[in-house]
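J.:
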Amino acid sequence: GENVEQHPSTLSVQEGDSAVIKCTYSDSASNYFPWYKQELGKRPQLIIDIRSNVGEKKDQRIAVTLNKTAKHFSLHITETQPEDSAVYFCAASTGGGADGLTFGKGTHLIIQP
Amino acid sequence: GAVVSQHPSRVICKSGTSVKIECRSLDFQATTMFWYRQFPKQSLMLMATSNEGSKATYEQGVEKDKFLINHASLTLSTLTVTSAHPEDSSFYICSAGLEVALHFGNGTRLTVT
Chain A
1 GENVEQHPST
11 LSVQEGDSAV
21 IKCTYSDSAS
31 NYFPWYKQEL
41 GKRPQLIIDI
51 RSNVGEKKDQ
61 RIAVTLNKTA
71 KHFSLHITET
81 QPEDSAVYFC
91 AASTGGGADG
101 LTFGKGTHLI
111 IQP
Chain B
1001 GAVVSQHPSR
1011 VICKSGTSVK
1021 IECRSLDFQA
1031 TTMFWYRQFP
1041 KQSLMLMATS
1051 NEGSKATYEQ
1061 GVEKDKFLIN
1071 HASLTLSTLT
1081 VTSAHPEDSS
1091 FYICSAGLEV
1101 ALHFGNGTRL
1111 TVT
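Protein sequences, first through last, are from chains A and B. Heads up: the first sequence begins at 1 in the working numbering, then just goes up one per residue. Heads up: the second sequence begins at 1001 in the working numbering, then just goes up one per residue.
#1: Less than 7 Å between C-beta atoms, sequence neighbours within five positions excluded: which residues of the same chain meet that for Ser1018 (chain B)?
#2: So is Tyr44 (chain A) in contact with chain B if we call contact Cβ pairs under 8 Å?
#3: In this structure, does DSSP put Glu56 (chain A) in helix, strand or coil?
#4: Leaving aside the five residues before and after Leu109 (chain A) along the sequence, list all residues of the same chain whose C-beta is less than 7 Å from its C-beta, in chain order.
#5: Between the alpha carbons of Asn31 (chain A) and Asn53 (chain A), how many angstroms are there, rounded?
#6: CB Phe103 (chain A) to CB Ser1025 (chain B), shorter than 8 Å?
#7: With Asp99 (chain A) and Thr1032 (chain B) assumed to form a contact (beta carbons below 8 Å), what rounded beta-carbon distance in angstroms separates them?
#8: Measuring only the C-alpha atoms, how far is Lys58 (chain A) from Ile50 (chain A)?
#9: Any C-beta of chain A within less than 9 Å: which residues of the segment 1061-1078 of chain B qualify?
#10: Given this structure, state the Cα-to-Cα distance separating His72 (chain A) from Pro8 (chain A), to the nearest angstrom.
#11: Taking the beta carbon of Gln1029 (chain B) as the centre, do at least 16 other beta carbons fall within 10 Å, making it buried, or is it exposed?
#12: Looking at C-alpha atoms only, which residue of A:Gly106, A:Leu66, A:Asn3, A:Ile48 is the closest neighbour of Phe1039 (chain B)?
#13: Tell me whether Asp49 (chain A) sits in a helix, a strand or coil according to DSSP, three-state version.
#14: Which partner residues does Gln1038 (chain B) have in the DSSP bridge list?
#15: Taking the alpha carbon of Ser26 (chain A) as the reference point, which residue from A:Asp17, A:Glu39, A:Ala70 has its own alpha carbon closest?
#16: For a contact meaning CB atoms closer than 7 Å, what does Lys37 (chain A) contact in chain C?
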């Protein structure tokens, strides 16, 4: 089955700096890669996703890049703000959507004032 | 946007009793819902896939007789933790897919004393 590795487990950056979280996946058939943000005690929420036919996608301060050859994808957050502090999970699926998602272990992003 | 409602948000029960958790899709129909378990500071671990009108599909290592899942309608799935023990204490989250996105409930914090 699919295996998703996520790094780092904890990331601390100064407010205003950029943050990058990286994930690798094992199943070359995976074609859908969402990122979720989970604030303490709350539900995970989808913040951005990318499909395998696209190399990069951007939404304001958030961007995701995908390298299918290397089987890795990354989340980039620019101009970080205190409200960006949360746990971020990457995920991958072969079904093209929500079915069969395998999650990474999560990255605790801490924004230092 | 799509809303998934999960109840209760917190429950404390005595060892040996059973607890039912409800997951509802409020503004869309979900033929498939997913149940996850999340330990503190860890990722979302898929327990089972709930299929409307048929049996749930359980992940390896998840006891189907202990975690009973019923998906009787297109908007409701329930997870019953039977004969709960302290080691079942955890955060349980349901989700439902709409198109490609996965929408999560608020989660249920189960504490077994």
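Idealized CB from N, CA, C, for every residue including glycine.
T.: A quick look at the data gives this:
#1: Start at 1 with the first residue of the second sequence, and residue 1018 (chain B) comes out as number 18. The answer, listed in chain order, is Thr1080, Val1081, Thr1082, Ser1083, Ala1084.
#2: Within the first sequence, numbered from 1, the residue matching residue 44 (chain A) stands at position 44. Reading the sequence as shown, one finds Pro at residue 44 (chain A) and not Tyr. Answer yes: the Cβ-Cβ gap between Pro44 (chain A) and chain B drops below 8 Å somewhere.
#3: Working through the first sequence from its first residue, we reach residue 56 (chain A) at position 56. Looking at Glu56 (chain A) - three-state DSSP - the assignment turns out to be strand.
#4: As a working mapping, residue 109 (chain A) is identified with position 109 in the first sequence. Excluding sequence neighbours, Leu109 (chain A) sits near Leu11, Ala19, Asp84, Ser85, Ala86, Tyr88.
#5: In the first sequence, the residue the question calls residue 31 (chain A) occupies position 31. In the first sequence, the residue the question calls residue 53 (chain A) occupies position 53. Going by the C-alpha atoms only, they are around 8 Å apart.
#6: Within the first sequence, numbered from 1, the residue matching residue 103 (chain A) stands at position 103. Within the second sequence, numbered from 1, the residue matching residue 1025 (chain B) stands at position 25. Going by C-beta atoms, Phe103 (chain A) is not nearer than 8 Å to Ser1025 (chain B).
#7: Indexing the first sequence from 1 puts residue 99 (chain A) at position 99. Indexing the second sequence from 1 puts residue 1032 (chain B) at position 32. At roughly 7 Å, the Cβ-Cβ gap stays under 8 Å, so Asp99 (chain A) and Thr1032 (chain B) are in contact.
#8: Start at 1 with the first residue of the first sequence, and residue 58 (chain A) comes out as number 58. Start at 1 with the first residue of the first sequence, and residue 50 (chain A) comes out as number 50. Lys58 (chain A) and Ile50 (chain A): Cα-Cα distance of roughly 10 Å.
#9: none
#10: Locating residue 72 (chain A) in the first sequence gives position 72, counting from the first residue. Locating residue 8 (chain A) in the first sequence gives position 8, counting from the first residue. Distance between the alpha carbons of His72 (chain A) and Pro8 (chain A): 14 Å.
#11: Residue numbering aside, residue 1029 (chain B) sits at position 29 when the second sequence is read from its first letter. Classification of Gln1029 (chain B): exposed, given that the 10 Å Cβ count is below 16.
#12: Stepping through the second sequence from its first residue, residue 1039 (chain B) is reached at position 39. Of the candidates A:Gly106, A:Leu66, A:Asn3, A:Ile48, the one whose C-alpha sits nearest the C-alpha of Phe1039 (chain B) is A:Gly106.
#13: Counting from 1 along the first sequence, the entry for residue 49 (chain A) is found at position 49. DSSP places Asp49 (chain A) in strand when its eight states are reduced to three.
#14: For the purposes of this step, residue 1038 (chain B) is identified with residue 38 of the second sequence, where counting begins at 1. Paired residues: B:Leu1044, B:Phe1091.
#15: Within the first sequence, residue 26 (chain A) is the residue found at index 26, counting from 1. Comparing Cα-Cα distances from Ser26 (chain A) to each of A:Asp17, A:Glu39, A:Ala70, the minimum goes to A:Ala70.
#16: Note that chain C does not occur in the displayed structure, where the protein chains are A and B.
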